[in-house]
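Only one structure is covered here, and it is reproduced in the block below.
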Amino acid sequence: MNITLGMPYAICERGKRPNNEDAIFPSSSQTIERSQRLFVVCDGVGGAEKGEIASSLACESFQIFFSTFMEEDATDDLIRKAVRYTEVRFDEYISTHPEAEGMATTLTMLYFGNKGVTAAHIGDSRIYQFRDGKPIFRTEDHSLVNFWVKTGKINQEEALHHPQKNIITRAITGSANPTEADIAFLTDIQPNDCFLMCTDGVTDCLSDKVLSSLFTRPYMSEKIKDTLVETCYEKAHDNYSFYLLPVLKVQNSSSYN
Numbered sequence: 066m067n068i069t070l071g072m073p074y075a076i077c078e079r080g081k082r083p084n085n086e087d088a089i090f091p092s093s094s095q096t097i098e099r100s101q102r103l104f105v106v107c108d109g110v111g112g113a114e115k116g117e118i119a120s121s122l123a124c125e126s127f128q129i130f131f132s133t134f135m136e137e138d139a140t141d142d143l144i145r146k147a148v149r150y151t152e153v154r155f156d157e158y159i160s161t162h163p164e165a166e167g168m169a170t171t172l173t174m175l176y177f178g179n180k181g182v183t184a185a186h187i188g189d190s191r192i193y194q195f196r197d198g199k200p201i202f203r204t205e206d207h208s209l210v211n212f213w214v215k216t217g218k219i220n221q222e223e224a225l226h227h228p229q230k231n232i233i234t235r236a237i238t239g240s241a242n243p244t245e246a247d248i249a250f251l252t253d254i255q256p257n258d259c260f261l262m263c264t265d266g267v268t269d270c271l272s273d274k275v276l277s278s279l280f281t282r283p284y285m286s287e288k289i290k291d292t293l294v295e296t297c298y299e300k301a302h303d304n305y306s307f308y309l310l311p312v313l314k315v316q317n318s319s320s321y322n
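If you're matching positions, the sequence shown starts at 66 in our numbering and goes up one per residue.
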């Protein structure tokens, strides 16, 4: 499966916060080649510099790991090893910077391989795959309120406005508290699909219903990007970051059928 992406759009903004604890790879200042296959979006936790370091270190670690060990496709085992590698790098940093103890980050990752797309996430940053204005794939938040929704303690509407909605139940922190990514391998990919990776600064501003309404015309991805930026600029109380990845062409290989 040869997936050709259109122009990727990336934003990583501080918003109304004094510092930016989000990080993305490739960074929004980088020139993104059409051959780029790995994309990462992270939201740091820990306050002040801790969150900034955690998110940027996670992005850097995944980039290094994939550039060193990458095969044709990102397998579950490879993702787990990348998470372990990132946790070890957290340990190494904290050992020489003890003030960073307690830093953590969410993670979303997409890898466009030869047989499909690998999606992995930890925490409440999300990945969507939109088709014709509908989310045909969406990650499930590792958050306290989502757990309560699943167990029937609160409903979806209550979760949207709950004072504890930003408490996450999984994060990358270091090898003393190893975590696991939820991993999905997506093979139903079509031209004009659009992937969105984003931190909760975006999803706090735009519901799934509103997001879906933006993706009824995926070929207008620049307009979608502008709408996301304008809405987050007006409404976000947190940092907000996203990657918008439109699928231009998909060529299936009979050797994988």
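We put the beta carbon where it would ideally sit given N, CA and C, even for glycine.
The stretch 255-272 and the stretch 130-144 do not touch, with fewer than 3 CB-CB distances between them shorter than 8 Å.
Annotation: residue 202 is outside any alpha helix (DSSP H); the continuous beta strand (DSSP E) that includes it extends over 199-203.
Residue 187 sits close to residue 172, with the two beta carbons spaced by under 9 Å. When only Cα atoms are considered, residue 132 and residue 145 end up about 16 Å apart.
Around the C-beta of residue 161, fewer than 16 other C-beta atoms lie within 10 Å, and the residue is accordingly described as exposed.
Residue 86 sits in coil when the DSSP states are folded into three classes, being neither helix nor strand. Sixteen is the threshold: when 16 or more other Cβ atoms of the shown chains lie within 10 Å of the Cβ of residue 195, as they do, the residue is buried.
About 6 Å separates the Cβ atoms of residue 262 and residue 104, confirming a contact at the 8 Å cut-off.
Boundaries of the alpha helix (DSSP H) harbouring residue 295: 286-300, taken from the DSSP string.
Of the other Cβ atoms in all chains shown, fewer than 16 fall within 10 Å of the Cβ of residue 242; this residue is therefore exposed. Residue 256 and residue 295 have their alpha carbons spaced roughly 27 Å apart. Just measuring C-alpha positions, the residue of 94, 300, 250 sitting nearest residue 183 is 250.
Contact annotation: the stretch 164-179 touches the stretch 111-129, with at least three C-beta pairs closer than 8 Å.
With 16 or more other CB atoms across the displayed protein chains lying within 10 angstroms of its CB, residue 152 is buried. For residue 96, no alpha helix (DSSP H) run applies, since DSSP gives it neither H nor E.
Assignment of residue 245 by DSSP, reduced to helix, strand and coil, places it in the coil class. Residue 218 and residue 229 have their alpha carbons spaced roughly 13 Å apart. Under the DSSP definition of a beta bridge, residue 316 partners with 67. Spatial neighbours of residue 167 in its own chain (CB-CB distance under 7 Å, excluding positions within 5 residues in sequence) are listed in chain order as 111, 115. As DSSP reads the structure, residue 173 sits in a beta bridge with 106, 186. In terms of Cβ geometry, residue 107 and residue 129 do not form a close pair [threshold 9 Å]. Counting only residues of its own chain and dropping the five nearest sequence neighbours on each side, residue 193 has a CB closer than 6 Å to the CB of 200, 203, 261.
Rounded to whole angstroms, the gap between the alpha carbons of residue 221 and residue 245 is 25 Å.
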